[in-house]
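Contents: one structure, followed by commentary.
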Amino acid sequence: MNDHFFQSIEEITKESISCLYKINPSPKLKFQYTKKNCLGDLTLILFPLSKIINKHVEKIGYEIGNYVKNRFDQSIQFSIVGGFLNFIFTNDYYIHILMNMLNPDFYKFKISSKKIMIEYSSPNANKPLHLGHLRNALLGSSLSNILEAVGHKVTKIQIINDRGIHICKSMLCWKKFGSDQTPNDVQMKGDHFVGKYYHLFENLYQNEIKHISKKDPEQKVDVPILKEARSLLKKWENRDHQTMHLWKKMNEWVYSGFEKTYKDLGICFDWTEYESDIFQIGRDIVQEGLYKKIFYQKQDGSICIDLTKDGFDEKLLLRSDQTSLYITQDIGNAVERFRKHKIDRLIYIVGKEQDYHFQVLFKILKRLGYLWVDKLHHLSYEMVSLPSGKMKSRKGNVVNADNIIVNMIKIAEKKFLKKSLIDKKKESYKILGLGALKFYFLKIDPKKEIIFDTNKSIDMKGNTGTYIQYTYSRIRSIEKKFFDVCSITHYDWFTITLNTYEKCMIKILQKYPFVLNKSYLNFNPSLLANYIYEVSKLFNHFYQNKKLINPKNVIRSNFRMNLVHITGNTIKLGMNLLGIDMIERM
RNA sequence: GAUCACGUAGCUCAAAUGGAUAGAGCUACUGCCUUCUAAGCAGUAGGUUACAGGUUCGAAUCCUGUCGUGAUCACCA
Numbered sequence: 001m002n003d004h005f006f007q008s009i010e011e012i013t014k015e016s017i018s019c020l021y022k023i024n025p026s027p028k029l030k031f032q033y034t035k036k037n038c039l040g041d042l043t044l045i046l047f048p049l050s051k052i053i054n055k056h057v058e059k060i061g062y063e064i065g066n067y068v069k070n071r072f073d074q075s076i077q078f079s080i081v082g083g084f085l086n087f088i089f090t091n092d093y094y095i096h097i098l099m100n101m102l103n104p105d106f107y108k109f110k111i112s113s114k115k116i117m118i119e120y121s122s123p124n125a126n127k128p129l130h131l132g133h134l135r136n137a138l139l140g141s142s143l144s145n146i147l148e149a150v151g152h153k154v155t156k157i158q159i160i161n162d163r164g165i166h167i168c169k170s171m172l173c174w175k176k177f178g179s180d181q182t183p184n185d186v187q188m189k190g191d192h193f194v195g196k197y198y199h200l201f202e203n204l205y206q207n208e209i210k211h212i213s214k215k216d217p218e219q220k221v222d223v224p225i226l227k228e229a230r231s232l233l234k235k236w237e238n239r240d241h242q243t244m245h246l247w248k249k250m251n252e253w254v255y256s257g258f259e260k261t262y263k264d265l266g267i268c269f270d271w272t273e274y275e276s277d278i279f280q281i282g283r284d285i286v287q288e289g290l291y292k293k294i295f296y297q298k299q300d301g302s303i304c305i306d307l308t309k310d311g312f313d314e315k316l317l318l319r320s321d322q323t324s325l326y327i328t329q330d331i332g333n334a335v336e337r338f339r340k341h342k343i344d345r346l347i348y349i350v351g352k353e354q355d356y357h358f359q360v361l362f363k364i365l366k367r368l369g370y371l372w373v374d375k376l377h378h379l380s381y382e383m384v385s386l387p388s389g390k391m392k393s394r395k396g397n398v399v400n401a402d403n404i405i406v407n408m409i410k411i412a413e414k415k416f417l418k419k420s421l422i423d424k425k426k427e428s429y430k431i432l433g434l435g436a437l438k439f440y441f442l443k444i445d446p447k448k449e450i451i452f453d454t455n456k457s458i459d460m461k462g463n464t465g466t467y468i469q470y471t472y473s474r475i476r477s478i479e480k481k482f483f484d485v486c487s488i489t490h491y492d493w494f495t496i497t498l499n500t501y502e503k504c505m506i507k508i509l510q511k512y513p514f515v516l517n518k519s520y521l522n523f524n525p526s527l528l529a530n531y532i533y534e535v536s537k538l539f540n541h542f543y544q545n546k547k548l549i550n551p552k553n554v555i556r557s558n559f560r561m562n563l564v565h566i567t568g569n570t571i572k573l574g575m576n577l578l579g580i581d582m583i584e585r586m
């Protein structure tokens, strides 16, 4: 066997250029996978080279092509179309690739090994998680998996907003109208229970401001119910015993509700931060910045930074009464996270409505002179909306995550009962329903809006989680069948002439590390999701057109089973990184 | 109004960061189960990539402008 088989064509091509044209260091080469309808497997784009070498593209193509072909002892062929040098793998080369993939090392990556902290989900402690949180949490969770898969050490955190006026609103209403009921008394999830009182407040408030004239909007802040909420906040700030007790109690209800939702979704965190613990941090840094004249103090005592030179406005960092703001906390928290945990990167998964906030935050930290500013990343994602438009809590059209989860599982059960589901278990419906839901959310590019139609629910055909699940179960079922009718032989595959389906499968399976890396570099799980779909689709073409098991041709059946097995593993590996469980039979 | 993001088939989404003839699924119609799982496969139909310029060997992708949608523009979070 020749070593060249496991050396990449890219490397040999690079070598050819320094050898043939004496260019050092060799220029960045533009490789791509050959387009579907062109002959070939890997393509080198010659236009940029032609400029550097100052020769006609075709001439360069022949020279490089021949060099590579010879170095691979003719097991790579090539053709030139326009400015594209297409390398064509021969039969043997494909078989070598397959054998390479059978080595478990193919799936072990150490692309990079950094300590990365990733913050996601981060809900308010006064209502259940909704579709927006669902997208956020699924993104964060799967991205964490992807980061780990390429070798990073990942710390997953959520930060719960458990203090402030909005928390006092639900507390107030429970005090007034809750008649001492607990979630248990009414058989409700704790977060839904508390959310009920939060919405009650909003309704009462809307009712009170209805009569306020538009000419005097300032009156809105003076309506009785809001005054009451503010006085409760004051009590909380003064650590009034009763208020603290109620606050803790209600928060615990909410957290137990969150826990259930997260558990259903298979989402977890390494730890949770609470704003009530950290909202004061950052004040020292603001004082320090003031001392260093990076910030300035206004007449009323408030502290600001002027960011107009950077295209932003003036930003308030500490109120005139010296209380801190969200940004104050975020400054302090970022500094703390780097100092305490010695992290190399910090990723915030937060919706795009906070793009400006993060731009300003990063700019302020830069002005303060922190060198790790470029290690911060805000992964911004578009909103989830309904066909009727945006979800707005005031409009009352917020779809909570629990309802969707329950609904999906129900749909799965209903649909699958009609089919010949082999594993008629509750657990299977759950996996199938949630898998469809998660895939639906993750296959879409984070920066694109998701329009979620609860009536249409989620498709089970075509580019869906269910399609992939079905393909996977089919694969496992074929493997079982194989052992019933065929025996295992040793590799003797070089006598086999591969057909197009087999070549396509090998080609796409070989892309897995490339796709995973791309997914990581772009912080984008949708790339992986779309790839898994592609793998499934190609497999189904293969399956429908070729008989995979044939007891009369044991060698070929063995070869195909190895290919099938790798396909199944790749699908499972990828889906698991998306946070989706797979079932073996359906 | 200003800033930012997005605009691809009737609908939902792709397109290897500037590459070859822009691809899938849904929907509609036509075929394929005595044979490894038909939740599948094969086929037909559907496009001036919002519009107009520009940059170069080459643009859905980069630049400028216009239009449309959304987000942000608090001593809110």
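Residues in the first sequence are numbered from 1 upward in steps of one, following this note's numbering.
Even for Gly, the Cβ is constructed at its ideal location relative to N, Cα and C.
Taking the alpha carbon of residue i as the reference point, which residue from the options has its own alpha carbon closest?
i, options, result
"I475", "F109, S487, V535, S142", "V535"
"S385", "D355, T182, R135, M171", "R135"
"F362", "N124, E353, H377", "H377"
"H341", "P48, I157, I549", "I157"
"L147", "K22, T43, L172, K115", "K115"
"P48", "F31, S75, E63, D41", "F31"
"L577", "S557, Y107, E449, I404", "Y107"
"I488", "R71, F559, K461, F494", "F559"
"Y291", "Q280, D300, I305, I278", "I305"
"T466", "T500, F279, A529", "A529"
"G369", "N184, S473, Y381, E288", "E288"
"K36", "C504, K418, S519", "C504"
"G40", "Q354, K59, E63, Y93", "Y93"
Tell me which residues share the same chain as residue i and place their Cβ nearer than 7 angstroms to its Cβ, disregarding the 5 neighbours each side in the sequence.
i, result
"N2", "Unreliable positioning characterises N2 in this predicted model, as indicated by a pLDDT of 41, which lies under 50. The coordinate reading is nonetheless provided below. These residues qualify, in order along the chain: D73."
"Y262", "C268"
"T328", "G282, R283, V286, L317, L318"
"A125", "I160, N161, D162, I167, N251, V254"
"Y21", "I53"
"I95", "W493, F494"
"L226", "Y205"
"K110", "G151"
Given a cut-off of 7 angstroms, decide if residue j and residue i are closer than it, judged by their beta-carbon atoms.
i, j, result
"F84", "G65", "no"
"I343", "Y120", "no"
"D492", "I555", "yes"
"I409", "G389", "no"
"P128", "G195", "yes"
"I347", "L371", "no"
"F312", "V360", "yes"
"K169", "F201", "yes"
"A307", "A229", "The sequence given here places Leu at residue 307; Ala does not occur at that position. No, these two residues do not count as a Cβ contact at 7 angstroms."
"G579", "G266", "yes"
"K151", "S112", "Note that residue 151 is Gly in the sequence shown, not Lys. Result yes, Cβ atoms of G151 and S112 sit closer than 7 angstroms."
"I209", "V186", "no"
"L42", "I9", "yes"
"T34", "N100", "no"
"S557", "I566", "no"
"F542", "Y501", "yes"
"S142", "I118", "no"
In terms of residues, what are the limits of the alpha helix (DSSP H) holding residue i?
i, result
"E584", "That residue, E584, is in no alpha helix (DSSP H); it is neither H nor E in DSSP."
"I45", "Not the alpha helix (DSSP H): I45 falls in the beta strand (DSSP E), residues 42-45."
"F258", "241-265"
"V194", "190-209"
Excluding sequence positions up to five away, which residues of its chain have a Cβ less than 8 angstroms from the Cβ of residue i?
i, result
"T464", "A436, F439, Y440, I458"
"V399", "H130, L131, L386, M391, F452, T454"
"E275", "I159, I160, N161, D162, R163, G164, Q329"
"P27", "I17, P48, L49, I52"
"A137", "Y120, S121, L129, Y262, L265, I267"
Hey, could you find the ends of the beta strand (DSSP E) residue i is sitting in?
i, result
"K315", "314-318"
"N86", "84-89"
"G351", "345-351"
"T182", "Counting along the chain, T182 falls outside any beta strand (DSSP E), and DSSP gives it neither H nor E."
Excluding the five sequence neighbours on either side, which residues of its own chain have a C-beta within less than 6 angstroms of the C-beta of residue i, listed in chain order?
i, result
"L98", "I506"
Quick one: complete alpha helix (DSSP H) runs, 4+ long, within the stretch 361-423? 401-418
Any alpha helix (DSSP H) of 4 or more consecutive residues that is wholly inside the stretch 101-155: 131-149
In chain order, which continuous runs of the alpha helix (DSSP H) of length 4 or greater are located wholly inside the stretch 445-524? The stretch 445-524 contains these whole alpha helix (DSSP H) runs: 465-485, 500-510, 512-521.
Threshold first: 3 residues or longer. Then list the beta strand (DSSP E) segments lying entirely within the stretch 6-64, N to C. 31-33, 42-45
With a floor of 4 residues, list each alpha helix (DSSP H) that falls wholly inside the stretch 529-582, ordered by position along the chain. 554-577
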